[in-house]
Amino acid sequence: MSKTEPSSGRHEPSEEYALSLDAADPLCSERERFCIPGSTKGDQPIYFCGNSLGLMSKDVRQVIDQELKDWAELGVDGHFEGKTPWYSYHEVFRETAARLVGAKPGEVVMMNSLTINLHLMMVSFYRPTKQRYKILIDGPTFPSDIYAVKSQLQHHGFDPEDALVVAMPRTGEHTLRIEDIEAILEHQGEQIALLMAAGVNFFTGQVADMPALVSLARRFGCVVGFDLAHAAGNIPLQLHDWGPDFAVWCNYKYLNSGPGAVAGCFVHERHGQNSALNRFAGWWGNDPETRFKMHLLPDFVPQAGAEGWQISNPPILGLAPLQSSLAIFDRVGMPALRTKSELLTGYLQYLIQRMPNRNYEVITPNQPSERGCQLSILASQDPEQLFEALQARRIVGDFRRPNVIRVAPVPLYNTFHEVWRFANILAEQATKSS
Ligand SMILES: *Cc1c(COP(=O)(O)O)cnc(C)c1O
Numbered sequence: 000m001s002k003t004e005p006s007s008g009r010h011e012p013s014e015e016y017a018l019s020l021d022a023a024d025p026l027c028s029e030r031e032r033f034c035i036p037g038s039t040k041g042d043q044p045i046y047f048c049g050n051s052l053g054l055m056s057k058d059v060r061q062v063i064d065q066e067l068k069d070w071a072e073l074g075v076d077g078h079f080e081g082k083t084p085w086y087s088y089h090e091v092f093r094e095t096a097a098r099l100v101g102a103k104p105g106e107v108v109m110m111n112s113l114t115i116n117l118h119l120m121m122v123s124f125y126r127p128t129k130q131r132y133k134i135l136i137d138g139p140t141f142p143s144d145i146y147a148v149k150s151q152l153q154h155h156g157f158d159p160e161d162a163l164v165v166a167m168p169r170t171g172e173h174t175l176r177i178e179d180i181e182a183i184l185e186h187q188g189e190q191i192a193l194l195m196a197a198g199v200n201f202f203t204g205q206v207a208d209m210p211a212l213v214s215l216a217r218r219f220g221c222v223v224g225f226d227l228a229h230a231a232g233n234i235p236l237q238l239h240d241w242g243p244d245f246a247v248w249c250n251y252k253y254l255n256s257g258p259g260a261v262a263g264c265f266v267h268e269r270h271g272q273n274s275a276l277n278r279f280a281g282w283w284g285n286d287p288e289t290r291f292k293m294h295l296l297p298d299f300v301p302q303a304g305a306e307g308w309q310i311s312n313p314p315i316l317g318l319a320p321l322q323s324s325l326a327i328f329d330r331v332g333m334p335a336l337r338t339k340s341e342l343l344t345g346y347l348q349y350l351i352q353r354m355p356n357r358n359y360e361v362i363t364p365n366q367p368s369e370r371g372c373q374l375s376i377l378a379s380q381d382p383e384q385l386f387e388a389l390q391a392r393r394i395v396g397d398f399r400r401p402n403v404i405r406v407a408p409v410p411l412y413n414t415f416h417e418v419w420r421f422a423n424i425l426a427e428q429a430t431k432s433s
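Residue numbers (numbering that gives the first Met the number 0): 0 to 433.
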């Protein structure tokens with residue numbers, strides 16, 4: 000693949016330069032709002048794992064404490080009299096979550112976990128017929144998504160060997176080309192019921208051209224959904240305008256809402272009022288006006304919009320951290336985060352590309368518009384030993400077998416100086432292994 004280096008020449012390798020970028024960073028004070036793991040004991044760790052589990056913001060304790068207080072002091076009355084009444088708790092995120100993913104307020108809901116939401120969306124939007132029954136998915140695919148998709152195929156009586164189509168990068172390349180997805184659709188588009196794609200690929204960090212995927216899917220009559228696990232809070236999204244049928248994401252990666260946090264779900268407005276859509280129902284998806292009529296009204300009346308896909312009453316203690324998390328994203332705004340992110344990750348790429356050692360290859364696209372925070376570094380020699388050596392130097396990234404190390408400098412709490420330190424440690428390892 001072409002090695003255009005859009006960022007080289009703009010940066011300098013010195014430590015002073017890294018410090019000057021931090022000094023000029025309008026978001027530099029955000030870091031203080033977060034708990035940085037291990038920073039109390041000696042050697043400062045470098046946390047580049049916000050793509051896996053985002054850090055805890057200090058004000059999370061307060062929002063959880065508030066719910067504990069309401070529970071302690073109000074008991075069941077917390078449903079209507081709590082500071083944020085539990086009965087309508089999910090509605091608190093209508094506006095903030097919509098802004099985060101570029102949706103209209105009724106199009107999003109925070110509920111369940113990502114994979115569960117993916118299943119619920121497939122219940123409604125994967126409606127195979129004898130002729131059109133295949134699912135097209137992009138690769139390399141996150142295991143949970145593959146398991147979910149295969150089990151849905153099997154649930155409908157199809158054999159994944161036949162009915163699952165995975166678009167993979169070409170031999171010798173690491174990332175996907177949209178023309179290859181188009182070619183698959185040209186060939187078997189009339190058999191494909193659903194195109195499911197990652198917004199940002201978990202392995203390579205490649206950003207998908209989501210508007211182009213939606214128009215391709217439309218052209219071939221397929222339903223289209225996105226998994227935004229690595230995209231939400233990482234890159235700007237315009238879900239309403241792009242127009243996928245649905246999207247799902249988790250809130251514990253870039254959104255810092257805590258381990259196993261309640262996830263997000265988007266259902267496009269054009270489906271929001273469609274009560275004929277197949278769905279798995281539960282009382283929380285019912286019209287709130289009649290929800291408590293219980294046995295008096297046994298027929299499910301879905302409420303309009305994404306909220307009509309809720310099933311159970313939400314885990315308030317799991318939802319609470321989203322209040323502080325989304326408040327941060329709302330206050331700082333995706334445009335400012337994205338501006339810093341492109342600079343931060345571009346700087347990391349510049350420092351890696353200057354290393355004479357050819358053991359490292361960044362497989363994430365070079366163009367800032369085609370990637371988010373994460374760089375995936377393919378190490379051709381002794382990748383596991385390299386990763387262990389990085390860990391010993393207190394670098395928190397992760398290793399994806401067989402040979403890829405993922406690091407994600409996050410604009411909310413990582414610094415340019417950390418990127419500089421990381422690059423130096425990586426360069427030292429390179430000299431050792433060459
Ligand atoms: C993180 C991630 C998941 C995790 O699924 P959960 O249901 O939240 O456990 C699923 N898919 C992708 C692509 C992910 O990156």
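Idealized CB from N, CA, C, for every residue including glycine.
If you check the C-beta of residue 226 against ligand 1, you find a heavy atom less than 7 Å away. If you keep only unbroken beta strand (DSSP E) runs of at least 3 residues inside the segment 165-204, you get 191-197.
Runs of alpha helix (DSSP H) with 4 or more residues, each lying fully within the segment 304-381, are found at 315-331, 333-352, listed in chain order. Going by DSSP, residue 147 is part of the alpha helix (DSSP H) stretching over 142-154. Residue pairing by DSSP puts residue 263 in a beta bridge opposite 109, 248.
Under the Cβ criterion (8 Å, minimum of three pairs), the segment 77-93 counts as touching the segment 105-124.
A check of alpha carbon separations from residue 373 across 183, 223, 202 identifies 202 as the nearest.
Under a 10 Å Cβ-count criterion, residue 261 is classified as buried, with 16 or more other Cβ atoms of the shown protein chains found around its own Cβ.
Distance between residue 355 and residue 427, taken at the CA atoms: about 11 Å. The Cβ atoms of residue 183 and residue 221 do not sit closer than 8 Å to each other.
The DSSP-derived three-state label of residue 88 is helix. For residue 135, the enclosing beta strand (DSSP E) has its first and last residue at 133-137. Taking the C-beta atoms as reference points, residue 387 is found no nearer than 8 Å to residue 367.
Comparing alpha carbon positions, the residue from 77, 346, 339, 126 closest to residue 65 is 77. In this structure, the straight-line span from the alpha carbon of residue 295 to that of residue 233 is close to 46 Å. If you check the C-beta of residue 119 against ligand 1, you find no heavy atom less than 7 Å away. Closer than 7 Å to some heavy atom of ligand 1: that does not describe the Cβ of residue 166. Take residue 63, set aside five residues on each side of it, and the residues of its chain with a beta-carbon closer than 8 Å to its own are 316, 319, 320, in chain order. Taking 7 Å as the cut-off, the C-beta of residue 112 counts as close to a heavy atom of ligand 1. Judged by DSSP in its simplified three-state form, residue 16 adopts helix. Apart from the 5 residues on each side of it in sequence, residue 97 sits with its Cβ closer than 7 Å to the Cβ of 103, 104, 106, 107 in its chain, given in chain order.
If you check the C-beta of residue 249 against ligand 1, you find a heavy atom less than 7 Å away.
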